[in-house]
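Chemist: Start counting the sequence shown at 1259; every next residue gets the next number (this note's numbering).
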Amino acid sequence: MNKTSVLVSAVLLLLTGCTANSEKTAAFEPVTASVIKTDQFGDVILDLEELNLSYGDSVNVSFSGGCSLESIPFYPDYYGLKGDTILTNFGDDYQIAGIRYSFNDTAQIKDGETATIELDERGKYKDLFEAYNVDTDKTPWEGQTNAEYMNARAVTAGNVKPDILYRSASPFEASFGRVELMDSFIQTYHIQCILDLADSEEDLHAFTGLPENTQAMIDNDQVICFHIGNDFRDSEAMESIGVGLRKMLQKEGPYLVQCSLGRDRTGVLCALFEALCDATYDEIVEDYMVSYNLLHKVDINLEVDSDSFQYDLFKTRLDENLEVILKTDRDALATSDLKQKTIDYFLECGMTQDEVRQLTDILHE
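1. Measure how close the beta-carbons of Thr1346 and Pro1334 come, nearest whole angstrom, since I'm counting them as under 8 Å.
2. Reducing DSSP to helix, strand and coil, say where Phe1430 ends up.
3. How many Å lie between Ala1464 and Asp1589 at the Cα?
4. Could you spell out where the alpha helix (DSSP H) holding Glu1328 opens and where it closes?
5. Does DSSP put Gln1473 in a helix, a strand or coil?
6. Mind checking Asp1369: buried by the 16 CB within 10 Å criterion, or exposed?
7. Leaving out five residues before and five after Leu1621 in sequence, what residues of the same chain have Cβ atoms less than 8 Å from its Cβ?
8. Excluding the five sequence neighbours on either side, which residues of its own chain have a C-beta within less than 7 Å of the C-beta of Ala1284, listed in chain order?
9. Going by other Cβ atoms of all chains shown within 10 Å of its Cβ, with 16 needed for buried, is Thr1600 buried or exposed?
10. Quick one: what's got a C-beta closer than 6 Å to Gly1314's C-beta in the same chain, skipping five residues either side?
11. Assign Ala1427 to one of two classes, buried (16 or more other C-beta atoms within 10 Å of its C-beta) or exposed (fewer than that).
12. Quick check on Gln1516: buried or exposed, where buried means 16 or more other Cβ atoms within 10 Å of its Cβ?
13. Whose C-beta lies closer than 6 Å to the C-beta of Gln1480 among residues of the same chain, with five residues either side of it excluded?
14. Check the DSSP bridge columns for Phe1321 and list the partner residues they point to.
15. Do the stretch 1606 to 1618 and the stretch 1405 to 1419 touch if we need at least three Cβ pairs shorter than 8 Å?
16. Could you spell out where the alpha helix (DSSP H) holding Gln1445 opens and where it closes?
17. Assign Lys1573 to buried or exposed, taking buried as 16 or more other Cβ atoms, counted over all protein chains shown, within 10 Å of its Cβ.
18. Among residues of its own chain, excluding the 5 on either side of Ser1597, which ones have a beta-carbon nearer than 7 Å to its beta-carbon?
19. Is the stretch 1345 to 1361 touching the stretch 1483 to 1492 in the sense that three or more CB pairs, one from each, lie closer than 8 Å?
20. Just verifying my parser: in three-state terms, what is the DSSP assignment at Cys1607?
21. Classify Pro1288 as buried or exposed, calling it buried when 16 or more other Cβ atoms lie within 10 Å of its own Cβ.
22. Quick test of your reading: Gly1435 and Asp1363, contact by CB under 8 Å. State the CB separation rounded to the nearest angstrom.
23. With H, G and I counted as helix, E and B as strand and the rest as coil, what does DSSP make of Thr1290?
24. Let me check understanding here. Comparing Cα to Cα, which of Glu1581, Gly1608 and Cys1607 lies closest to Asp1595?
25. Pull up the distance between the alpha-carbon of Lys1585 and that of Lys1340, whole angstroms please.
26. Give me, in chain order, the residues of the same chain whose beta-carbon lies closer than 7 Å to that of Lys1295; leave out the 5 immediate sequence neighbours on both sides.
27. State the Cα-Cα distance for the pair Asp1545 and Gly1416, rounded to the nearest angstrom.
28. Please say whether Ala1291 and Thr1372 have beta carbons closer to each other than 9 Å?
29. Evaluate the contact criterion for the stretch 1503 to 1511 versus the stretch 1465 to 1476: three or more CB pairs, one atom per stretch, below 8 Å.
30. Within this structure, are the beta carbons of Val1293 and Phe1321 separated by less than 9 Å?
31. Given a cut-off of 9 Å, decide if Glu1510 and Cys1483 are closer than it, judged by their beta-carbon atoms.
32. Would you kindly report the start and end of the unbroken beta strand (DSSP E) that includes Tyr1352?
33. Helix, strand or coil, according to DSSP, for His1622 in the structure here?
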């Protein structure tokens, strides 16, 4: 049985156990809220301030336009496998979100519709929530270096040139508590160009109170905004990636890739850069999972059953992305020509063969 089958089986066992042991309750009164907007990722934002729910509860949601959802989990973050639909209050908003897909591309919810939320079952997804819900501290824990706390490091897998490519959490978003430290990192490693996967140009220029050097990089057009979600096959995301990488070719390195925590979107783009530089699948996975160890203490070397299940939950995020981006069954990723498939993807994003060669020359040792 492959690892994906093991993971799916484990998830089913957890859900079965949760369902058997959780209690249905009528203590939750249905709540109706208006749809404020749909964001750029296809998530539907609701006019809600609070709900009498616990993370791991399941809910049914019915929209006035006819769309209905049954037994979806309530989580504080974008937890789940590709294709899942969740209710989340990540950030300041309650929203119905698709995991690595655009929920509203299918649902076609209109602004001004109403959504009625009813409790399905208390604690139905509690075990999964607890496995997914790893801490993200806003101060370094004891013994953690500043670089580890920022999830900031050189990208070295495969034949990436030394001192050319770095990755990190956001140097702009103050709420993550890393802005001053990131400014020091940028100066220490002489970063000349930042690939910002999280923000739009409007977002970028709305940040205030940034350190002088970081602000100067914005003012000097040394930040390239991609503003993409977690679906690297979304047509707008692919166009943005093509445009952004062409801009990168016109900038001097070293380069810094970042999103919010420098974890998933950063991890995927770095995986593609690493593949372009002849990294093996195992090298790519190892680098991706380092972020979960640094940010959340998900030890990449643990072999204990409970922890290896948690490890597989997060590794699956990378596998799901690579499977879709590279059009390769995840069971075949370890034996596929990842470099050629990455080249093919960048070509689909609108780059030319010559531009992909230029990108390879910049990054490849």
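For every residue, glycine included, the Cβ atom is placed at its ideal position computed from N, Cα and C.
Modeler: In short, the structure shows the following:
1. Yes, they are in contact, since the Cβ atoms of Thr1346 and Pro1334 sit about 7 Å apart, within 8 Å.
2. Reduced to three states, the DSSP call for Phe1430 is coil.
3. Inter-residue distance for Ala1464 and Asp1589 is about 43 Å (C-alpha atoms, whole angstroms).
4. Element bounds for Glu1328: not the alpha helix (DSSP H) but the beta strand (DSSP E), Ser1326 to Tyr1333.
5. In this structure, DSSP gives Gln1473 a helical state, which the three-state scheme calls helix.
6. The residue in question, Asp1369, is exposed, as its Cβ has fewer than 16 Cβ neighbours within 10 Å.
7. Contacts found: Val1418, Lys1419, Ile1422, Leu1423, Phe1531, Leu1534 and Cys1535.
8. Unreliable placement is indicated for Ala1284, whose pLDDT of 48 sits below 50; the coordinate value is still reported in the next sentence. Counting only Cβ-Cβ distances below 7 Å, and skipping sequence neighbours, we find nothing.
9. Burial call: buried.
10. Excluding positions up to five away in sequence, the list reads Gly1381, Tyr1383, Lys1384 and Phe1387.
11. Buried is the call here.
12. The residue in question, Gln1516, is buried, as its Cβ has 16 or more Cβ neighbours within 10 Å.
13. Excluding residues within five positions, the ones whose Cβ falls inside 6 Å are Cys1451.
14. Looking at the DSSP output, Phe1321 shares a beta bridge with Ala1373.
15. Result no; under three Cβ-Cβ pairs closer than 8 Å.
16. Start and end: Val1437 to Thr1446.
17. With 16 or more other Cβ atoms within 10 Å, it is buried.
18. Here residue 1597 is Lys; the residue named in the question, Ser, does not match the sequence. Closer than 7 Å at the Cβ level, and outside the excluded window around Lys1597, lie Ala1533, Leu1534 and Asp1536.
19. Contact holds: three or more Cβ-Cβ distances are below 8 Å.
20. In this structure, Cys1607 counts as coil in the three-state DSSP scheme.
21. Note on Pro1288: under 16 other CB atoms within 10 angstroms of its CB, so exposed under the neighbour-count rule.
22. Not quite, the Cβ-Cβ distance comes to about 34 Å (not below 8 Å), so this is no contact.
23. Thr1290 falls in the strand class under three-state DSSP.
24. Looking at the Cα atoms, Glu1581 is the closest of the given residues.
25. If I take the Cα positions, the gap works out to 15 Å.
26. Cβ contact annotation for Lys1295 (same chain, cutoff 7 Å, sequence separation greater than five): Ile1303 and Asp1369, in chain order.
27. In a straight line, the C-alpha of Asp1545 is about 11 Å away from that of Gly1416.
28. Contact: yes.
29. Output reads no: the stretch 1465 to 1476 does not touch the stretch 1503 to 1511.
30. Pairing Val1293 with Phe1321 gives a Cβ-Cβ distance under 9 Å.
31. Against a cut-off of 9 Å, the Cβ pair of Glu1510 and Cys1483 comes out as no contact.
32. Where Tyr1352 is concerned, the enclosing beta strand (DSSP E) starts and stops at Tyr1352 to Gly1356.
33. In this structure, His1622 counts as strand in the three-state DSSP scheme.
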